[in-house]
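There are 2 protein chains.
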Amino acid sequence: MPDIIEPRVLKGFRDYLPEAEIERQALIDTLARVFRSFGFVPIDTPVLEYAEILLGKGGGETDKQVYRFKDNGDRDVAMRFDLTVPFARFMAEHVDELYLPFRRYHMAKVWRGENTQRGRYREFMQCDFDIVGTDAAAADADIVLLIHDALAALDIGSFTLRINHRTLFNRFIANLGAQDKAPAVLRLVDKLDKIGPAEVEKLLGEEIGASAAAKVLEYIRPEADFEATLKKLESLAGGPGPDSQRLREIWDSARSAGAVGPGASGQLVLDPSITRGLDYYTGVVFETRLDAMPEIGSVCGGGRYDELASLYTKKRLPGVGAAIGLDRLLTALESLGRTKGRSGYTEVLILALEESFGPRYQGLASALRKAGLATEIFPEKKKLAQQFAYAEKKGIPYALICGQDEAQKGTVTLRSMESRENREFASMAEAVAFLGGKKGL
Amino acid sequence: MPDIIEPRVLKGFRDYLPEAEIERQALIDTLARVFRSFGFVPIDTPVLEYAEILLGKGGGETDKQVYRFKDNGDRDVAMRFDLTVPFARFMAEHVDELYLPFRRYHMAKVWRGENTQRGRYREFMQCDFDIVGTDAAAADADIVLLIHDALAALDIGSFTLRINHRTLFNRFIANLGAQDKAPAVLRLVDKLDKIGPAEVEKLLGEEIGASAAAKVLEYIRPEADFEATLKKLESLAGGPGPDSQRLREIWDSARSAGAVGPGASGQLVLDPSITRGLDYYTGVVFETRLDAMPEIGSVCGGGRYDELASLYTKKRLPGVGAAIGLDRLLTALESLGRTKGRSGYTEVLILALEESFGPRYQGLASALRKAGLATEIFPEKKKLAQQFAYAEKKGIPYALICGQDEAQKGTVTLRSMESRENREFASMAEAVAFLGGKKGL
């Protein structure tokens, strides 16, 4: 007999045991349902791609975070580190086979050799959704409304969706006469959460002078409501424009769809300090925080871009999209006590009381399943205490008892695992009806 | 502007465009529903593992098919090539945190550097399900019944599930006095489909003599029904035993659960020629073919094993399981014309008739979604022909028309994309009721 190999996973990787995986599947199912209700379709792309595709031609000195290697055919390949780059490649390759605007979602694993000391995992799921092939405001509004409906469907408490417009901000900076300093200003504004307004103002002053810095601080401070903030921004940016009109249309759309105001699950806020980094986005940007857990950061962010796939095609593919942080949401659901904590799906465990009743139990199980009740049979006659312990561990609400007694009388007994009470039914049909009623079938 | 990088995927890999991915998701959803109805729970394991774990300590001269490399921390790692080995490692590592018997399913991608000339892909999905921690016949029956219910749920036509027992076969070989030739006999019997009975008998004759070869041919020929075949096997194997009794119990269970006989979606056959390879299985084995497409091979096979995880633990973990060939099933569904051929989920497309109606359309979309109807808005005012073409390409059954006219009257018009007929409704509520009725809501 060979030595045992120690069973272990790589650092930064993890198994999903049933309880965690059931929770994750439930989250994925809920999100997929909302995506579909907005007309989004799923796609999938390979986990492995040419390194050149994922990293660009300049990918010589690879990012340490990328899993990159030579395959057995000596190809330079890498595991995807996000879903955006493969999607850009996908659109460039398949745009002529698709219809535009193209609304897709993709929930799948990505890999990054992150520093695990910061509690990061090297294998994690991403969830992206985009509308590509249109510049229209309606698409921006769709993404905002979809985020609202997705978080509402997750029953994760109230949230705040912050929105801003990069062009409006750029107009303001130009109006201030500081357009050559725009990247530096954006970078400092991005630090507002981390270092606070006083420090941001001080550092801005060093870049563009104290009076301009004060104007920036005035610009990024939200007012009492969406329209008041927007009016201020328009005035500081030199007047209304397509950018501010678009923000207004998004707001009006959200109100019309019930995603702001009474009945809405979250609030939509115009927050002029939101920038979402420096390079990628060219129009609206947004991020979303849970009101009960702002400290975990944005659970859903994104924005509008001009060119999705310019690395791979000369076709212009503008779009708007966002990504949901599945792991953050799972953490939040758990912290907020909103997880189901299910160890299994089974609703009825048929106890093994008689060795020879195997076929009989299978008949009962089949009848329960046909009635829509997830059912399993304890496979061998063991002590009842052991069978009950199994039901408890797996969170099975009912045990079905059918021994010699019941078989002779044609009855069955149901035991509620919670109340520990037994109840006898004159027939299997009556027991099925009772369980169906409990479940609301 | 940099040169364009040609968008392409690696040889043996492929994208899933919406129509194919929707089909695959539907298949996965259906299977998950059936697994859950039998009390199975999902788990997940990492895509990357230590090469030692996946390949064993002797994995020095690696199989060319495995994607194996050094990660940035100089660890010898590999991408999983099946779901069985990771599951064995998983059980060895977590058995004390779980409840036994443990019923799990796992549907996930695996990677093998297969020869693509045979039409094989290097990235594909596997679907495994097992009951671990019990020797009981009830677990064997569960797997058989689950296969039946899964294929029935897929509406893929009738099928034949062939079952056999390795121990019974071994008893027969011993009874024949040829136990030292058992592996050679099994190997030849395994070739029955490929080379035919005459050739098998000839080659067997060279191994064990003509008269014993004739006995083997008699043994592996099914009789008129399950019991007749089983009686013959028992007699040739030296009498009934726990092995033949187990086959009988599985048969009785299947009959009791309605998985054989009238009303069953497939048939269960005792086929003494089924061996499922040489090494792994120790009890019942089974495989399943679609009656309309036997040529694609087994779409679901498996069996009972004594030791799942002996590489990683000294704990004995017997079990029974099977794997469904998702790609084969998808191919079969397509060939048989049973795919849905859906390009999307959208049920209503709201046409863009007025630039300024964005918020109004979002309100209508929200009302439709609340009524359970997947709805999207065409995001910009383009020619109606273009908007209709989009609806047709995406297979959207209804277009909702709301222009100046309708807005003034408070009406909406629905156009059936199939019949090209328009129908006006006095209110949105009436249109929603009509669509809900069509859908059976």
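Heads up: the protein sequence lines correspond to chains U and H, in order.
Number 387 in our numbering belongs to position 382 of the first sequence; there are no gaps in the numbering.
Number 135 in our numbering belongs to position 130 of the second sequence; there are no gaps in the numbering.
Glycine is no exception: its CB is placed at the ideal position from the N, C-alpha and C atoms.
How would you list, in chain order, the residues of chain U whose beta-carbon sits under 9 angstroms from the beta-carbon of residue 316 of chain H? Reading the second sequence from its first residue, position 311 is the one you call residue 316 of chain H. The answer, in chain order, is 7, 9, 10, 12.
Can you give the Cα-Cα distance for residue 445 of chain H and residue 444 of chain U, rounded to whole angstroms? Taking the second sequence and counting its residues from 1, the one referred to as residue 445 of chain H is at position 440. Taking the first sequence and counting its residues from 1, the one referred to as residue 444 of chain U is at position 439. Straight-line Cα distance between these residues: approximately 22 angstroms.
So, residue 110 of chain U versus residue 19 of chain U, is the Cβ gap smaller than 9 angstroms? By one-based count along the first sequence, residue 110 of chain U stands at place 105. By one-based count along the first sequence, residue 19 of chain U stands at place 14. Not in contact: residue 110 of chain U and residue 19 of chain U (Cβ atoms no closer than 9 angstroms).
Chain U beta carbons: is any one of them nearer than 9 angstroms to that of residue 46 of chain H? Against the second sequence, residue 46 of chain H aligns to sequence position 41. Closer than 9 angstroms: yes.
For a contact defined as C-beta to C-beta under 8 angstroms, what are the partners of residue 99 of chain U on chain H? On the first sequence, residue 99 of chain U is found 94 positions in, with the first residue counted as 1. 20, 22, listed in chain order.
Alpha-carbon spacing of residue 60 of chain U relative to residue 246 of chain U, whole angstroms: The sequence position of residue 60 of chain U within the first sequence is 55, counting from 1. The sequence position of residue 246 of chain U within the first sequence is 241, counting from 1. Answer to the nearest angstrom: the Cα atoms are 37 angstroms apart.
Please list the terminal residues of the continuous alpha helix (DSSP H) segment that includes residue 205 of chain H. One-based indexing of the second sequence puts residue 205 of chain H at position 200. Run containing residue 205 of chain H: 197-213, per the alpha helix (DSSP H) assignment.
Residue 2 of chain H to residue 373 of chain H, Cα distance in whole Å? Examination of residue 2 of chain H is not possible in this model, given that chain H is present from 6 through 446 alone.
Reduced DSSP secondary structure (H/G/I, E/B, other) of residue 350 of chain H: For this step, residue 350 of chain H is matched to residue 345 along the second sequence. If DSSP states are grouped into helix, strand and coil, residue 350 of chain H belongs with coil.
Does residue 112 of chain U come out as helix, strand or coil in the three-state DSSP assignment? On the first sequence, position 107 is the one that residue 112 of chain U refers to. Reduced to three states, the DSSP call for residue 112 of chain U is strand.
Do residue 44 of chain H and residue 351 of chain U have their beta-carbon atoms positioned less than 9 angstroms apart in this structure? Taking the first sequence and counting its residues from 1, the one referred to as residue 351 of chain U is at position 346. Taking the second sequence and counting its residues from 1, the one referred to as residue 44 of chain H is at position 39. Contact: yes.
Going along the chain, which unbroken runs of the alpha helix (DSSP H) with 4 or more residues stay wholly within the region 360-392 of chain H? 363-375
For a cutoff of 9 angstroms on Cβ pairs, would you count residue 267 of chain H as touching chain U? Translated into positions along the second sequence, residue 267 of chain H becomes position 262. It does not; no Cβ of chain U falls within 9 angstroms.
Residue 344 of chain U versus residue 26 of chain U - alpha carbon distance: The residue given as residue 344 of chain U occupies position 339 in the first sequence. The residue given as residue 26 of chain U occupies position 21 in the first sequence. C-alpha separation (whole angstroms): 12 angstroms.
Ranges of the alpha helix (DSSP H) found wholly within the region 87-174 of chain H, counting only runs of at least 4: 89-99, 142-158
Would you list the residues sitting across from residue 47 of chain H in a DSSP beta bridge? As a working mapping, residue 47 of chain H is identified with position 42 in the second sequence. Answer by DSSP bridge pairing, in chain order: H:110.
Between residue 415 of chain U and the rest of its own chain, which residues show a CB-CB distance below 8 angstroms, the 5 nearest in sequence each way excluded? As a position in the first sequence, residue 415 of chain U is number 410, starting the count at 1. So the list reads 431, 432, once near-sequence residues are dropped.
Is residue 368 of chain H close to chain U? Criterion is C-beta to C-beta, closer than 9 angstroms. Position 363 of the second sequence, counting from 1, holds the residue named residue 368 of chain H. At least one chain U Cβ lies under 9 angstroms of residue 368 of chain H.
How would you label residue 404 of chain H, buried or exposed, when you count the other beta carbons within 10 angstroms and need 16 or more for buried? Within the second sequence, the letter at position 399 stands for residue 404 of chain H. Buried is the call here.
Check whether the region 153-168 of chain U and the region 292-307 of chain U touch, using three or more Cβ-Cβ pairs below 8 angstroms as the test. yes
Backbone secondary structure at residue 401 of chain H - three-state DSSP: For this step, residue 401 of chain H is matched to residue 396 along the second sequence. Of the three classes helix, strand and coil, the one that applies to residue 401 of chain H here is coil, per DSSP.
For residue 55 of chain U, the residue or residues it bridges with in DSSP: Along the first sequence, one-based indexing puts residue 55 of chain U at 50. In DSSP, residue 55 of chain U forms a bridge with U:82.
Against chain H, with Cβ distances strictly below 9 angstroms, would residue 436 of chain U count as a contact? As a first step, residue 436 of chain U must be located in the first sequence, where it is residue number 431. No, residue 436 of chain U lies away from the interface with chain H (no Cβ there is under 9 angstroms from its Cβ).
Keeping to the same chain, check which residues put their C-beta closer than 8 angstroms to that of residue 38 of chain H; ignore five residues upstream and five downstream. Indexing the second sequence from 1 puts residue 38 of chain H at position 33. Excluding positions up to five away in sequence, the list reads 158.
Separation of residue 258 of chain H from residue 272 of chain H, as counted between CA atoms: Locating residue 272 of chain H in the second sequence gives position 267, counting from the first residue. Locating residue 258 of chain H in the second sequence gives position 253, counting from the first residue. Distance between the alpha carbons of residue 272 of chain H and residue 258 of chain H is about 13 angstroms.
Distance, Cα to Cα, residue 15 of chain H vs residue 75 of chain H? If you number the second sequence from 1, residue 15 of chain H lands on position 10. If you number the second sequence from 1, residue 75 of chain H lands on position 70. Approximately 20 angstroms between the Cα atoms of the pair.
Relative to the C-alpha of residue 198 of chain U, which candidate in U:85, U:280, U:369 has its C-alpha closest? Here residue 198 of chain U refers to the residue found at position 193 when the first sequence is read from its first residue. Checking every option, the nearest Cα to that of residue 198 of chain U belongs to U:280.
Could you have a look at residue 409 of chain U and say whether DSSP puts it in helix, strand or coil? Taking the first sequence and counting its residues from 1, one reaches residue 409 of chain U at position 404. Residue state, collapsed to three classes: helix.
If contacts are defined as beta-carbon pairs under 8 angstroms, then residue 251 of chain H and residue 101 of chain H qualify, I think. What distance do you get, rounded to the angstrom? For the purposes of this step, residue 251 of chain H is taken as the residue at position 246 of the second sequence. For the purposes of this step, residue 101 of chain H is taken as the residue at position 96 of the second sequence. No, residue 251 of chain H and residue 101 of chain H are not in contact; Cβ-Cβ is about 29 angstroms, not under 8 angstroms.
Below 8 angstroms on C-beta distance, what does residue 108 of chain H contact in chain U? Counting from one through the second sequence, the residue named residue 108 of chain H turns up at place 103. Within chain U, the residues near residue 108 of chain H are 381.
Which whole-angstrom value is the C-beta distance of residue 49 of chain U and residue 113 of chain U, which I expect to be below 8 angstroms? Taking the first sequence and counting its residues from 1, the one referred to as residue 49 of chain U is at position 44. Taking the first sequence and counting its residues from 1, the one referred to as residue 113 of chain U is at position 108. With 8 angstroms as the limit, residue 49 of chain U and residue 113 of chain U qualify as a contact, their Cβ atoms being about 7 angstroms apart.
What would DSSP say about residue 71 of chain H, mapped onto helix, strand or coil? Position 66 of the second sequence holds residue 71 of chain H. Looking at residue 71 of chain H - three-state DSSP - the assignment turns out to be coil, as it is neither helix nor strand.
Since residue 139 of chain U meets chain H, which of its residues come closer than 8 angstroms, beta carbon to beta carbon? For the purposes of this step, residue 139 of chain U is identified with residue 134 of the first sequence, where counting begins at 1. Ordered by position in chain H, the residues that pass the 8 angstroms Cβ test against residue 139 of chain U are 384, 385.
Who does residue 21 of chain H pair with in a DSSP beta bridge? Here residue 21 of chain H refers to the residue found at position 16 when the second sequence is read from its first residue. For residue 21 of chain H, which the question treats as bridged, DSSP gives the partners U:49.
Just curious, the alpha helix (DSSP H) that residue 435 of chain U is in, first and last residue? As a first step, residue 435 of chain U is located in the first sequence; it is residue number 430 there, counting from the start. 433-444 is the span of the alpha helix (DSSP H), which, as asked, contains residue 435 of chain U.
Please return the same chain residues whose Cβ sits closer than 7 angstroms to the Cβ of residue 232 of chain U, not counting the five positions on each side in sequence. Looking up residue 232 of chain U in the first sequence gives position 227. Excluding positions up to five away in sequence, the list is empty.
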